[in-house]
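Trainee: Residue 0 is where the sequence shown starts when you use numbering that gives the first Met the number 0, and the numbers rise one by one after that. Where a beta carbon is used, it is the ideal one built from N, C-alpha and C, also for glycine. I am attaching a structure below and will ask some questions about it afterwards.
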Amino acid sequence: MLRAMSTSELNEEQYRAVFHRGGPLLVLAGAGSGKTRVITERIAALVERDVPEDAIAAVTFTNKAAREMRERLQARLGDKADKLRICTFHSLGLAIVREHAGLIGRRANVSVFGVSEQKSAMKSVLSEMKLAADSDQVDRILSRLSLLKSELIEGHDNQLAQIRERYDLLLERMNAVDFDDLMVLPIRLLNEHSDVRALWQSRARHFLVDEYQDSSRIQYQWVQLLVPENGNLTVVGDDDQSIYGWRGAEVKNLFQLQRDYPSLTVIRLEDNYRSTGAILDTSNSLIAINTERLGKSLRSNLGQGKPVQVWESPNPEEEAHRVAGDIRLKRNSTKDAKWDHYCVLYRASYQARAVEIALREAGVPYHVSGGLSFFDRAEIQDLLSYLRLIANFDDDLAFMRAIGRPRRGIGDKALGDLGLFAMAHSVSLLGACLHNELEHKRIDSLREFGDLLVALEFQFKHGEPDEAFDAVLDLTHLEAAIRAEADDEAKAEMRMGNLMEIRRWWIKHAENGGTLAEFLQQIFLKADQKDDDPTGQVRLMTVHAAKGLEFDDVYVVGMEDGIFPHKSALEENRMEEERRLMYVAMTRARYRLTLSYARVRKRFGQKEKSAPSPFLHEPDQSSMRWVDRDSDSEEAKEEALDFMAAMRAQLENIKSR
Ligand code: ATP
Ligand code: MG
Numbered sequence: 000m001l002r003a004m005s006t007s008e009l010n011e012e013q014y015r016a017v018f019h020r021g022g023p024l025l026v027l028a029g030a031g032s033g034k035t036r037v038i039t040e041r042i043a044a045l046v047e048r049d050v051p052e053d054a055i056a057a058v059t060f061t062n063k064a065a066r067e068m069r070e071r072l073q074a075r076l077g078d079k080a081d082k083l084r085i086c087t088f089h090s091l092g093l094a095i096v097r098e099h100a101g102l103i104g105r106r107a108n109v110s111v112f113g114v115s116e117q118k119s120a121m122k123s124v125l126s127e128m129k130l131a132a133d134s135d136q137v138d139r140i141l142s143r144l145s146l147l148k149s150e151l152i153e154g155h156d157n158q159l160a161q162i163r164e165r166y167d168l169l170l171e172r173m174n175a176v177d178f179d180d181l182m183v184l185p186i187r188l189l190n191e192h193s194d195v196r197a198l199w200q201s202r203a204r205h206f207l208v209d210e211y212q213d214s215s216r217i218q219y220q221w222v223q224l225l226v227p228e229n230g231n232l233t234v235v236g237d238d239d240q241s242i243y244g245w246r247g248a249e250v251k252n253l254f255q256l257q258r259d260y261p262s263l264t265v266i267r268l269e270d271n272y273r274s275t276g277a278i279l280d281t282s283n284s285l286i287a288i289n290t291e292r293l294g295k296s297l298r299s300n301l302g303q304g305k306p307v308q309v310w311e312s313p314n315p316e317e318e319a320h321r322v323a324g325d326i327r328l329k330r331n332s333t334k335d336a337k338w339d340h341y342c343v344l345y346r347a348s349y350q351a352r353a354v355e356i357a358l359r360e361a362g363v364p365y366h367v368s369g370g371l372s373f374f375d376r377a378e379i380q381d382l383l384s385y386l387r388l389i390a391n392f393d394d395d396l397a398f399m400r401a402i403g404r405p406r407r408g409i410g411d412k413a414l415g416d417l418g419l420f421a422m423a424h425s426v427s428l429l430g431a432c433l434h435n436e437l438e439h440k441r442i443d444s445l446r447e448f449g450d451l452l453v454a455l456e457f458q459f460k461h462g463e464p465d466e467a468f469d470a471v472l473d474l475t476h477l478e479a480a481i482r483a484e485a486d487d488e489a490k491a492e493m494r495m496g497n498l499m500e501i502r503r504w505w506i507k508h509a510e511n512g513g514t515l516a517e518f519l520q521q522i523f524l525k526a527d528q529k530d531d532d533p534t535g536q537v538r539l540m541t542v543h544a545a546k547g548l549e550f551d552d553v554y555v556v557g558m559e560d561g562i563f564p565h566k567s568a569l570e571e572n573r574m575e576e577e578r579r580l581m582y583v584a585m586t587r588a589r590y591r592l593t594l595s596y597a598r599v600r601k602r603f604g605q606k607e608k609s610a611p612s613p614f615l616h617e618p619d620q621s622s623m624r625w626v627d628r629d630s631d632s633e634e635a636k637e638e639a640l641d642f643m644a645a646m647r648a649q650l651e652n653i654k655s656r
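In structure tokens:
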């Protein structure tokens, strides 16, 4: 949804922010006030003022947000936009790590480990240290390690520090980094190498940060390393939308800015251009209950609009059907409406299921963001293990997966021996297969596997991208295995279809001159953020994933005490953050907002009565309408008339087809 907009439509405060010159700038403003737009317009203005594109860097929170910003700028600036660096902190981290890989014991084709690789790596560290741990413990250790790396806990725990050391070494040996490393290693590089710092400072001479309220302490260190005290820093944020406290984001960063950048200019935006008055009255009065806030006012520019609806349903299934039916009806009775103008939000991802089923039954196309990831599927993981190994011969974890898919008659014993040989000769597992001193009775199979990988690597370096890709499916017998294993034709086709999706991406990437290593790094970031681009479909996502987005029509389901607010929030004294999350949910809506709860919900197989969320009672009720409570009210009658009119329109529609 690109809307060409000229700067003449900026309001006075936005204009000041867009054309601000002279040092650090903070735009502190509520939802929908045009903060993200200020960032985009500011970048456009810089380019139009002949600031070199490669001296501008902007970081946003998700890949999706980065893509949207890039698209808007492409529409504005044409080819010039291609040279702009617009990305997430993590992709910026990856770019820095890749470029200076040698300084941290890595090579440029470094692999990025996702959760499952991290787990395997941790398991092997623990077994090497003779520490027994089940899967849950491995998870816990990994999450403590993550906190340690992000400097959210101190490293007093000796054993954890030891584990960290070995884990880091293992990753280094595999030429790999994990997600936290993408944050931490750049800090090390920027701190310890003044030439690296100078280089990136020049590339971030104009540094812009969106959703600043959710940046972490580590990310703030980045900001400080990249932008000197009087530098051109632009950060925009809203303290009321800080929703990642548990991940180390700190609203404190907002205050810290003022201290570290004394010449900071602060601009506040008070006009909201996104939502109707009713939606704003409701969300403003909710967030006003919080005490830890800077306080802002926000007025609507869109008129009062329809009241916020509150729905009661007997159970989550009925609730979902009601939402699905309503979307279908509205979409069919509204001229020009698109499915992707509708969005269903929920607190936790398991809640998507009921909604999905109902939408499918209603024949409504939908897309779940961050659902069971495409990238978690077995066939995708199999394929990626080959591609990772081709790109990085030292990736032992990829080796372990690839060599067993399909089975090559190489058993655990043979692999164990191979591992010992690899350790003794300080080579990777694949390196061991290719080593001329290797002697083993399985040597033919091992060497064959090694040769196969060498051949495939050659193909990827020198052959056509599509042929190289097809060679992987063919020569490794992966395709044959997938077809043989699937119970039926349809399943096999679906799995192959998934691989073809990767093939398409790869070919597009290769045609733009990208390498396989870069491709895998991108896939990794994509898999982590899980946000592809589903146009023409109703959007389903968690509230967290909806940050920064907007939709004409928003439904928030499961508005029950214990679900939203989540019960842990009450227990852990995080109600204010939970309320901010609710504020984020509500302020995604432009014209219509529906909050819905079920009277009974199954928990652990038991039916339990549930109470409506306190967030339904807390806001000023004057712009809200509890539809089922007083079904005979004037407003309900009006609603019924609306409904009839919509039905009639739909009938007309059907007749005229
Ligand atoms: P959030 O806090 O949710 O991230 P935001 O402050 O970043 O919101 P934007 O997404 O930039 O807000 O803008 C909200 C909507 O208002 C967008 O559709 C944007 O195009 C529109 N908008 C912003 N400024 C103006 C303006 N001056 N005139 C008309 N529309 C505007
Ligand atoms: Mg925004």
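1) Would the stretch 284–304 count as touching the stretch 600–613 if we require 3 or more Cβ pairs under 8 Å?
2) Fully enclosed by the stretch 230–310, which beta strand (DSSP E) runs are 3 residues long or longer?
3) Assuming H205 is part of the beta strand (DSSP E), what are its boundary residues?
4) Following the continuous alpha helix (DSSP H) through D194, name the residue where it begins and the one where it ends.
5) Can the beta-carbon of R482 be found less than 8 Å from the beta-carbon of A470?
6) Under a criterion of Cβ closer than 7 Å to any non-hydrogen atom of the ligand MG, which residues qualify, in chain order?
7) Is any heavy atom of the ligand ATP found at a distance shorter than 7 Å from the C-beta of E70?
8) Please go through the stretch 47–125 and give each complete beta strand (DSSP E) segment of 3 or more residues, from N-terminal end onward.
9) Going by other Cβ atoms of all chains shown within 10 Å of its Cβ, with 16 needed for buried, is N252 buried or exposed?
10) What does the alpha-carbon distance come out to for the pair I266 and R20?
11) A28 lies in the beta strand (DSSP E); which residues open and close that run?
12) So what does L539 bridge to, in DSSP terms?
13) Does the Cβ of S201 have 16 or more other Cβ atoms within 10 Å, making it buried, or fewer, making it exposed?
14) What is the DSSP secondary structure of F550, counted as helix, strand or coil?
15) Taking DSSP's pairing of strands, which residues face R591 in a bridge?
16) So is H320 in contact with chain C if we call contact Cβ pairs under 8 Å?
17) Hey, S444 and G408: beta-carbon distance below 8 Å or not?
18) Heavy atom of the ligand ATP less than 7 Å from the Cβ of A347, yes or no?
19) What residues are listed by DSSP as bridge partners for W625?
20) Quick check on DSSP: helix, strand or coil for R404?
21) Can you give me the start and stop residues for the beta strand (DSSP E) that E607 sits inside?
22) Distance check for R503 and E466, CA to CA, integer angstroms please.
23) With respect to the alpha helix (DSSP H) encompassing A16, which residues constitute its N-terminal and C-terminal limits?
24) Are there 16 or more other CB atoms within 10 angstroms of the CB of I442, so buried, or fewer, so exposed?
25) Extract the residue ranges of the alpha helix (DSSP H) inside the stretch 464–505, only unbroken runs of 4 or more that lie entirely within it.
26) Using CA atoms only, rank isn't needed, just tell me which of T593, L344, N391, F60 is closest to K460.
27) Since K657 contacts E318 with CB under 8 Å, what's their CB separation in whole angstroms?
28) Do the stretch 355–370 and the stretch 586–593 touch if we need at least three Cβ pairs shorter than 8 Å?
29) I need the straight-line Cα distance from F448 to F457, nearest angstrom please.
30) Looking only at DSSP bridge pairs, what is A175 linked to?
31) Count Cβ pairs between the stretch 307–323 and the stretch 496–516 that sit closer than 8 Å; are there 3 or more?
32) Checking the sheet assignment: what are the DSSP bridge partners for G513?
33) Expressed to the nearest angstrom, what Euclidean distance is found between the alpha-carbon atoms of Y349 and I562?
34) Taking Cβ to Cβ, would you say L524 is nearer than 8 Å to H89?
35) Note down, in chain order, each residue of its chain lying with its Cβ closer than 8 Å to the Cβ of H476, except the 5 sequence neighbours on either side.
36) So, using beta-carbon positions, are L498 and L474 closer together than 8 Å?
Mentor: Answer, in terms of the structure:
1) no
2) 231–236, 264–268
3) Locating residue 205 in the sequence shown gives position 206, counting from the first residue. Per DSSP, the unbroken beta strand (DSSP E) holding H205 starts and ends at 205–208.
4) The residue given as residue 194 occupies position 195 in the sequence shown. It spans 193–202 - the alpha helix (DSSP H) in which D194 sits, taken as one unbroken run.
5) As a working note, residue 482 is residue 483 in the sequence shown. As a working note, residue 470 is residue 471 in the sequence shown. No, they are not a contact pair.
6) K34, T35, D209, E210, G547
7) Numbered from its first residue, the sequence shown carries residue 70 at position 71. No - the ligand ATP has no heavy atom lying nearer than 7 Å to the Cβ of E70.
8) 55–59, 84–87, 110–112
9) On the sequence shown, position 253 is the one that residue 252 refers to. N252 is buried by the Cβ-count criterion.
10) Against the sequence shown, residue 266 aligns to sequence position 267. Against the sequence shown, residue 20 aligns to sequence position 21. One C-alpha to the other measures close to 13 Å.
11) To locate residue 28, count along the sequence shown from 1; it is residue 29. It spans 24–28 - the beta strand (DSSP E) in which A28 sits, taken as one unbroken run.
12) For the purposes of this step, residue 539 is taken as the residue at position 540 of the sequence shown. DSSP lists V343, V367 as partners of L539.
13) By 1-based counting over the sequence shown, the position of residue 201 is 202. Result: exposed.
14) Looking up residue 550 in the sequence shown gives position 551. Strand, per DSSP.
15) Taking the first residue of the sequence shown as 1, we reach residue 591 at position 592. Note: R591 sits in a beta bridge opposite D552.
16) This model lacks chain C altogether; it includes just one protein chain.
17) Position 445 of the sequence shown holds residue 444. Position 409 of the sequence shown holds residue 408. A contact, by the Cβ cut-off of 8 Å.
18) Numbered from 1 along the sequence shown, position 348 holds the residue referred to as residue 347. No.
19) Position 626 of the sequence shown, counting from 1, holds the residue named residue 625. DSSP lists V309 as partners of W625.
20) Against the sequence shown, residue 404 aligns to sequence position 405. The answer is coil: DSSP assigns R404 none of H, G, I, E or B.
21) One-based indexing of the sequence shown puts residue 607 at position 608. Run containing E607: 605–608, per the beta strand (DSSP E) assignment.
22) Reading the sequence shown from its first residue, position 467 is the one you call residue 466. Reading the sequence shown from its first residue, position 504 is the one you call residue 503. Each residue's CA atom was taken as its position, placing E466 and R503 some 12 Å apart.
23) Residue mapping note: residue 16 aligns to position 17 of the sequence shown, counting from 1. Start and end: 11–17.
24) For this step, residue 442 is matched to residue 443 along the sequence shown. Here I442 is exposed: its Cβ has fewer than 16 other Cβ atoms, across all protein chains shown, within 10 Å.
25) 464–474, 477–484
26) Here residue 460 is taken as the residue at index 461 of the sequence shown, counted from 1. Among T593, L344, N391, F60, the Cα nearest to that of K460 is on N391.
27) Any property of residue 657 remains undetermined from this structure, which presents the chain solely from 0 to 656.
28) Taking 8 Å as the limit for Cβ pairs, the verdict is that the stretch 586–593 does not touch the stretch 355–370.
29) The sequence position of residue 448 within the sequence shown is 449, counting from 1. The sequence position of residue 457 within the sequence shown is 458, counting from 1. For F448 and F457, the distance between alpha carbons rounds to 14 Å.
30) For the purposes of this step, residue 175 is identified with residue 176 of the sequence shown, where counting begins at 1. DSSP lists S110 as partners of A175.
31) no
32) Mapped onto the sequence shown, residue 513 falls at position 514. Bridge partners of G513: none, in fact.
33) Position 350 of the sequence shown, counted from the first residue, corresponds to residue 349. Position 563 of the sequence shown, counted from the first residue, corresponds to residue 562. Whole-angstrom Cα-Cα distance: 11 Å.
34) In the sequence shown, residue 524 corresponds to position 525, counting from 1. In the sequence shown, residue 89 corresponds to position 90, counting from 1. Closer than 8 Å, so yes.
35) Along the sequence shown, one-based indexing puts residue 476 at 477. If we look at H476 and ignore the five residues flanking it on each side, its Cβ neighbours are P405.
36) Taking the first residue of the sequence shown as position 1, residue 498 is located at position 499. Taking the first residue of the sequence shown as position 1, residue 474 is located at position 475. No. Outside cutoff.
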